[in-house]
Ligand code: FAD
Ligand code: AMP
């Protein structure tokens, strides 16, 4: 007899596992199906984010920043450490332990919330009064029935045609997070979020890093002012060699090096690397999902088509996270997970895609919410801007992290905040104030009149808000 569920969630990344937990909390009999396995072949919940994305990359980021501080920054504090050395194996083991703790934690959360968990590949095989999903594991397959289906199958790395990823010499994010030693020369293809984060980590650990980016512009999605200053810092202070407008012609893996042939500034060039990371974006994952068996459509770019409440055109089938439109970010996936669970339970789930915070965990960090200056200009919106540099912040000085600034953009007539852009220390934390403000429809003056602790980095947000009305107090 097939098992029957109210809700079947396919995928246990930050979208799927949160959707399953919320659905179960709302009294729905819920199963979450996931196929991810760790390198040693064990089921590992949490999807890309916990296994080979957000969490391991931030663990390495912290290790590499500590290493760099010990090498170059402790001296000015009068802390002298002799013979600083790096043990990559210990650093990777720490990262793996963090991943293991978090992925196994999801199993406990499932138990606590009474979510059934199935390991294997889920594929829709038909609809009717309920949907049938075949779950294929190592030991055979089982078909279950569910009244509602949530597709949360995430994304996979985009491939470059003709370039084979072996995750030893040529890596995607999985291999880039597990390099056994610091490569002397690291090549990265793609100067997007992942390329910059991974490139920065290995640069701090000692690699010579060259990033080849196809587009002629740097960080096109970010505010132009932020992208310009980030470019200056990453190329001059951090020392990343970023070659914009590079067209990759060939990648050859030899015994001694990986050769990349590319066109740059009108000439054909060749560079040899010890390791190569491919970070040219991610594509929605709908492979062998059986969408056609129930009539769910994908768009021209392969994303599952959904409306503003994550409903597909097929009643009771929803899709969330990286597999649908919108930013490919873990927190966006999770909030969509909550929203669909609440919709299925008869409530009104909704996520405001206009106010999703974006973060790039470089050093300094980049974070923003809302619209950029170039978007406002192209939409002919009249706005005022306040920009406050961290060099004037007492807390930033004490931290020794003075690069960057906070920029606030507000409507020229109503003063309502339209966008906030941060380049600087803990930008990922600071951006939350702006998200809350914008969700509540706050004006720049609202932020300017709120008391901010001293000395804190958040004072830069306060001053940027004051700056919108040209009344800085510390500048
Ligand atoms: P995923 O996390 O991709 O999970 C999908 C799950 O579904 C996987 O476990 C997959 O195995 C499983 N699955 C797929 N198909 C099937 C099937 N048919 N049957 C069963 N299981 C299936 N985002 C941030 O917000 N902050 C960050 O700092 C950040 N850092 C990142 C760093 C890196 C290196 C990478 C690669 C990504 C990073 N991201 C970050 C992006 C983030 O990881 C994704 O946006 C997020 O994981 C998407 O969540 P999801 O639930 O939609 O899909
Ligand atoms: P993100 O989507 O943030 O991970 O960024 C991916 C980056 O890779 C973007 O800046 C793309 O322009 C870039 N990119 C995509 N394809 C190529 C390619 N073939 N060569 C170099 N860069 C690429």
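Residue numbers (the numbering used here): 23 to 497. For every residue, glycine included, the Cβ atom is placed at its ideal position computed from N, Cα and C.
Query - Per-residue DSSP class, three states only, for residue 188 - result: Sequence index remark: in the chain shown, residue 188 carries index 166 (1-based). Looking at residue 188 - three-state DSSP - the assignment turns out to be coil, as it is neither helix nor strand.
**Report entry** For residue 220, three-class secondary structure by DSSP
**Finding:** Here residue 220 corresponds to residue number 198 of the chain shown, with the count starting at 1. Of the three classes helix, strand and coil, the one that applies to residue 220 here is helix, per DSSP.
Query raised in the report: Would the C-beta of residue 110 count as close to the ligand FAD, meaning under 8 angstroms from any of its heavy atoms?
Result: What you label residue 110 is simply residue 88 of the chain shown in a count that begins at 1. Distance from the C-beta of residue 110 to the nearest heavy atom of the ligand FAD is not below 8 angstroms.
Query raised in the report: Is it buried or exposed for residue 332, if we count other Cβ within 10 angstroms and need 16 for buried?
Result: As a working mapping, residue 332 is identified with position 310 in the chain shown. Looking at its Cβ environment, which holds 16 or more other Cβ atoms inside 10 Å, residue 332 is buried.
Query raised in the report: Under the three-state reduction of DSSP, which class applies to residue 102: helix, strand or coil?
Result: For the purposes of this step, residue 102 is taken as residue 80 along the chain shown, with counting starting at 1. Of the three classes helix, strand and coil, the one that applies to residue 102 here is coil, per DSSP.
Requested in this report: State the Cα-Cα distance for the pair residue 165 and residue 42, rounded to the nearest angstrom.
Outcome: Position 143 of the chain shown, counted from the first residue, corresponds to residue 165. Position 20 of the chain shown, counted from the first residue, corresponds to residue 42. Rounded to whole angstroms, residue 165 to residue 42 spans 19 angstroms at the Cα level.
Requested in this report: Please list, in chain order, all residues of the same chain as residue 238 whose beta carbon is under 8 angstroms from its beta carbon, the five residues on each side excluded.
Outcome: What you label residue 238 is simply residue 216 of the chain shown in a count that begins at 1. The beta carbon of residue 238 is closer than 8 angstroms to those of 266 and 267 in its chain, skipping five residues each way along the sequence.
Report task. Consider the C-beta atom of residue 410 and the heavy atoms of the ligand FAD; say whether any pair is separated by less than 8 angstroms. Result -> Reading the chain shown from its first residue, position 388 is the one you call residue 410. Not so, every heavy atom of the ligand FAD lies at least 8 angstroms from the Cβ.
**Report entry** Exposure of residue 183, with buried meaning 16 or more beta-carbon neighbours within 10 Å
**Finding:** The count along the chain shown starts at 1 and reaches residue 183 at position 161. Within a 10 Å sphere around the beta-carbon of residue 183 sit fewer than 16 other beta-carbons, which makes this residue exposed.
Query raised in the report: Based on the DSSP output, what are the partners of residue 171 in its beta bridges?
Result: Counted from its first residue, the chain shown places residue 171 at position 149. DSSP output for residue 171 lists 30 and 339 as bridge partner(s).
Report task. Could you have a look at residue 47 and say whether DSSP puts it in helix, strand or coil? Result -> The residue given as residue 47 occupies position 25 in the chain shown. Helix at residue 47.
Query raised in the report: Does the region 389-404 come close enough to the region 433-453 to have 3 or more Cβ pairs within less than 8 angstroms?
Result: Pairwise C-beta distances place the region 389-404 in contact with the region 433-453, as three or more of them are shorter than 8 angstroms.
Requested in this report: Taking 9 angstroms as the cut-off, decide whether the C-beta atoms of residue 64 and residue 85 are in contact.
Outcome: Residue 64 sits at position 42 when you count from the first residue of the chain shown. Residue 85 sits at position 63 when you count from the first residue of the chain shown. The answer is no: Cβ separation not under 9 angstroms.
Query raised in the report: Is residue 52 helix, strand or coil when you go by DSSP?
Result: Position 30 of the chain shown holds residue 52. Strand at residue 52.
Query raised in the report: Got a sec: does the ligand AMP put a non-hydrogen atom nearer than 8 angstroms to the Cβ of residue 74?
Result: Within the chain shown, the letter at position 52 stands for residue 74. The beta carbon of residue 74 sits no closer than 8 angstroms to any heavy atom of the ligand AMP.
Query raised in the report: Can you name the start and end residues of the beta strand (DSSP E) that residue 153 belongs to?
Result: Counting from one through the chain shown, the residue named residue 153 turns up at place 131. For residue 153, the enclosing beta strand (DSSP E) covers residues 153-159.
Query raised in the report: When the Cβ atoms of the region 359-379 are set against those of the region 205-219, are three or more pairs found closer than 8 angstroms?
Result: Contact between the region 359-379 and the region 205-219 is absent, because fewer than three Cβ pairs lie under 8 angstroms.
Report task. Output the boundary residues of the alpha helix (DSSP H) element that contains residue 123. Result -> Numbered from 1 along the chain shown, position 101 holds the residue referred to as residue 123. 110-135 is the span of the alpha helix (DSSP H), which, as asked, contains residue 123.
Query raised in the report: Can the beta-carbon of residue 362 be found closer than 9 angstroms to that of residue 340?
Result: In the chain shown, counting from the first residue as 1, residue 362 sits at position 340. In the chain shown, counting from the first residue as 1, residue 340 sits at position 318. Going by C-beta atoms, residue 362 is nearer than 9 angstroms to residue 340.
Query raised in the report: Is it right to say residue 458 is buried, meaning 16 or more other beta carbons lie within 10 angstroms of its own, or is it exposed?
Result: The residue you call residue 458 lines up with position 436 of the chain shown. Burial call: exposed.
Query raised in the report: Are residue 77 and residue 56 touching if we call contact CB-CB under 9 angstroms?
Result: Residue 77 sits at position 55 when you count from the first residue of the chain shown. Residue 56 sits at position 34 when you count from the first residue of the chain shown. Not closer than 9 angstroms, so no.
**Report entry** Cβ pair count under 8 angstroms reaching 3, the region 133-145 against the region 46-60
**Finding:** Contact between the region 133-145 and the region 46-60 is present, because at least three Cβ pairs lie under 8 angstroms.
Query raised in the report: Quick one: what's got a C-beta closer than 7 angstroms to residue 487's C-beta in the same chain, skipping five residues either side?
Result: Along the chain shown, read from residue 1 onward, the residue named residue 487 stands at position 465. Same-chain partners within the cutoff: 408, 430, 466, 469 and 470.
Query - Own chain residues within Cβ distance below 7 angstroms of residue 51, not counting five before or after - result: Working through the chain shown from its first residue, we reach residue 51 at position 29. Excluding positions up to five away in sequence, the list reads 27 and 28.
Report task. For my contact list, residue 157 and residue 338 are in at a C-beta cut-off of 8 angstroms; report their separation, rounded to the angstrom. Result -> Numbered from its first residue, the chain shown carries residue 157 at position 135. Numbered from its first residue, the chain shown carries residue 338 at position 316. That belief does not hold up - the Cβ atoms of residue 157 and residue 338 are roughly 19 angstroms apart, past 8 angstroms.
Query raised in the report: Counting along the chain, where does the beta strand (DSSP E) carrying residue 282 start and finish?
Result: The count along the chain shown starts at 1 and reaches residue 282 at position 260. Taken as a continuous stretch (DSSP letters only), the beta strand (DSSP E) holding residue 282 covers 280-286.
Requested in this report: Look up residue 392 in the DSSP assignment and give the residues it is bridged to.
Outcome: Residue numbering aside, residue 392 sits at position 370 when the chain shown is read from its first letter. Beta-bridge pairing by DSSP links residue 392 to 441.
Query raised in the report: Which residues bound the beta strand (DSSP E) around residue 468?
Result: Start at 1 with the first residue of the chain shown, and residue 468 comes out as number 446. DSSP places residue 468 outside any beta strand (DSSP E); the residue lies instead in the alpha helix (DSSP H), whose first and last residues are 466-470.
**Report entry** Close-in-space but distant-in-sequence residues of the same chain around residue 449 (CB under 8 angstroms, 5 per side omitted)
**Finding:** Against the chain shown, residue 449 aligns to sequence position 427. Closer than 8 angstroms at Cβ, skipping near neighbours: 381, 386, 387, 388, 389 and 426.
Query raised in the report: Does DSSP put residue 272 in a helix, in a strand, or in coil?
Result: For this step, residue 272 is matched to residue 250 along the chain shown. Reduced to three states, the DSSP call for residue 272 is strand.
Query raised in the report: Under the three-state reduction of DSSP, which class applies to residue 483: helix, strand or coil?
Result: The count along the chain shown starts at 1 and reaches residue 483 at position 461. Under the three-state reduction of DSSP, residue 483 is assigned to helix.
**Report entry** Neighbour-count burial assignment, residue 462, 16 or more Cβ in a 10 Å radius
**Finding:** The residue you call residue 462 lines up with position 440 of the chain shown. Flag for residue 462 reads exposed.
**Report entry** Cβ separation of residue 69 and residue 38, assumed to be a contact under 8 angstroms, to the nearest whole Å
**Finding:** By one-based count along the chain shown, residue 69 stands at place 47. By one-based count along the chain shown, residue 38 stands at place 16. Right, their Cβ atoms sit about 7 angstroms apart.
Query raised in the report: The beta strand (DSSP E) spanning residue 544 covers which residue range?
Result: There is no way to answer for residue 544, as the model of the chain reaches only from 23 to 497.
Query raised in the report: For residue 379, does the three-state DSSP call read helix, strand or coil?
Result: In the chain shown, residue 379 corresponds to position 357, counting from 1. Correct three-state label for residue 379: coil.
Requested in this report: Say yes only if the C-beta of residue 23 is nearer than 8 angstroms to one or more non-hydrogen atoms of the ligand FAD, and no if none qualify.
Outcome: Residue numbering aside, residue 23 sits at position 1 when the chain shown is read from its first letter. For the ligand FAD, not one heavy atom lies less than 8 angstroms from the Cβ of residue 23.
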